[in-house]
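Encoded as C-alpha cells, the structure appears first; notes follow it.
Residue numbers (our numbering): 191 to 493.
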C-alpha cells in the first residue's frame, strides 16, 4: 500500500507535487511513511515505542539500536523549518552551480543552513548510485586529488594553503585515488579506492559486483586491471602506453570525466576528503544528464 502511494506521488508533475506538499505542511498532516508498520530507518528493526513529540511531529525510539526518529528521519526534509517551495528552489539553484553565499542570499537563509542543505541533497544523490551497475563497453581509469583535512586540525599534520601541492613527487600516500568507470549509457561509478598506486583488490572494492557479465573492460596498461578482469571473466582491452586507442576501444570518456571533475571541484576552494564521495556523486549526477525533477522526487520518497 505504501509503495503504491509513493509510485502514484512520483507520477505527479513537480508543480503538482509542490502544491500538494505545501498543503500538507500547512495542515500539519503528512504522507504516511509508516502505514504498514513502523520500521527504524537506522537499523531496520521493528521493536519501536513512541517517544514524545517535537513541534507536533511524533517521535519514536528503537528498542534495538536505541536511536530516536520521526517519519522524516533520513529524508532530505528532516528537521527543516522552511516550506517545501524553498526546498524546490534550493535544489534548482544548487544544480545550476550557484555558491552557498548566493543561494543563501536568494532564499533568505544563513550560509550555514545552505551548507547543511547541500549535504542533505548530496546524501539523497548518493542513494541513487548505491545500487547502480554498468554493462556493455566499460571504460575505467583512476585519477588523483590531494588529501584534504579542510575544517579539521589533526595533530602532527601541517595545514596547507588551498590549491597547494604534495610534498612528495609522483603518486604517493598524500593523494587520494579515485576510481571511475563509465559505460555507453552514461551509467557512472566513481568512488575513492584508497591512497597511492592502484591495486587489484582496490578495484574489486569499487567495481567488484557492479560490472555485469559479458561486459568489455577497457583500461590503460596498468597491470592491476588484468587480475580484476580475469577474476570476473571479462574481456579486457588494454590501451598501450603512449597510445590513445586499441582498435575501436578507447578511454576518452572516462578521461573527460576526470578533467571535468577537477574543473567542477576547483570553485569550491578545497573539499574535505571525508565529503569527497558526495561531490563525486554530485558531478556524476550532472555528467549522466539525470533529470533534476527526478532528484526532487527521490529526495522526498527515497526512504
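Just so you know, even glycine gets a beta-carbon here, dropped at the ideal spot from N, CA and C. Quantities reported herein were computed from a predicted structural model and do not represent experimental measurements.
- Non-local beta-carbon contacts of residue 224 in its own chain, meaning distances under 7 Å to residues more than five positions away in sequence, involve 261 in chain order.
- For the options 290, 374, 480, the alpha carbon positioned closest to that of residue 442 is the one of 374.
- Between the stretch 279-292 and the stretch 434-448, the count of C-beta pairs closer than 8 Å stays below three; the two stretches do not touch.
- Counting other Cβ atoms within 10 Å of its Cβ, residue 392 reaches 16 or more and is therefore classed as buried.
- A distance below 8 Å between beta-carbons, with the five flanking residues on each side excluded, links residue 241 to the following residues of its chain, in chain order: 249, 250, 251, 258.
- Per the Cβ contact rule, the stretch 369-385 is in contact with the stretch 393-402 (3 or more Cβ pairs under 8 Å).
- In this structure residue 415 is in contact with residue 426, their Cβ atoms being roughly 7 Å apart against a cut-off of 8 Å.
- Taking residue 401 as reference, the option from 325, 417, 388 with the minimal CA-CA separation is 325.
- By the neighbour-count criterion, in which a residue is buried when 16 or more other Cβ atoms sit within 10 angstroms of its Cβ, residue 430 is exposed.
- In the DSSP assignment, residue 428 is bridged to 409.
- Scanning its chain for C-beta atoms nearer than 8 Å, with the 5 sequence neighbours on each side dropped, one finds around residue 327 the residues 373, 374, 405, 406, 408, 439, in chain order.
- About 6 Å separates the CB atoms of residue 364 and residue 337; that is less than 8 Å, so the two are in contact.
- For residue 394, the enclosing alpha helix (DSSP H) has its first and last residue at 390-397.
- When DSSP states are grouped into helix, strand and coil, residue 459 belongs to the coil group.
- One Cα belongs to residue 460, the other to residue 411, and the distance between them is close to 31 Å.
- In this structure residue 319 is buried. Its beta-carbon is surrounded by 16 or more other beta-carbon atoms within 10 angstroms.
- Considering only 279, 236, 455, 475, the residue with the shortest C-alpha distance to residue 335 is 455.
- By the beta-carbon neighbour count (other beta carbons within 10 angstroms, threshold 16), residue 205 is exposed.
- The alpha helix (DSSP H) runs lying completely inside the stretch 267-348 and spanning 4 residues or more are 274-285, 290-297, 301-319, given in chain order.
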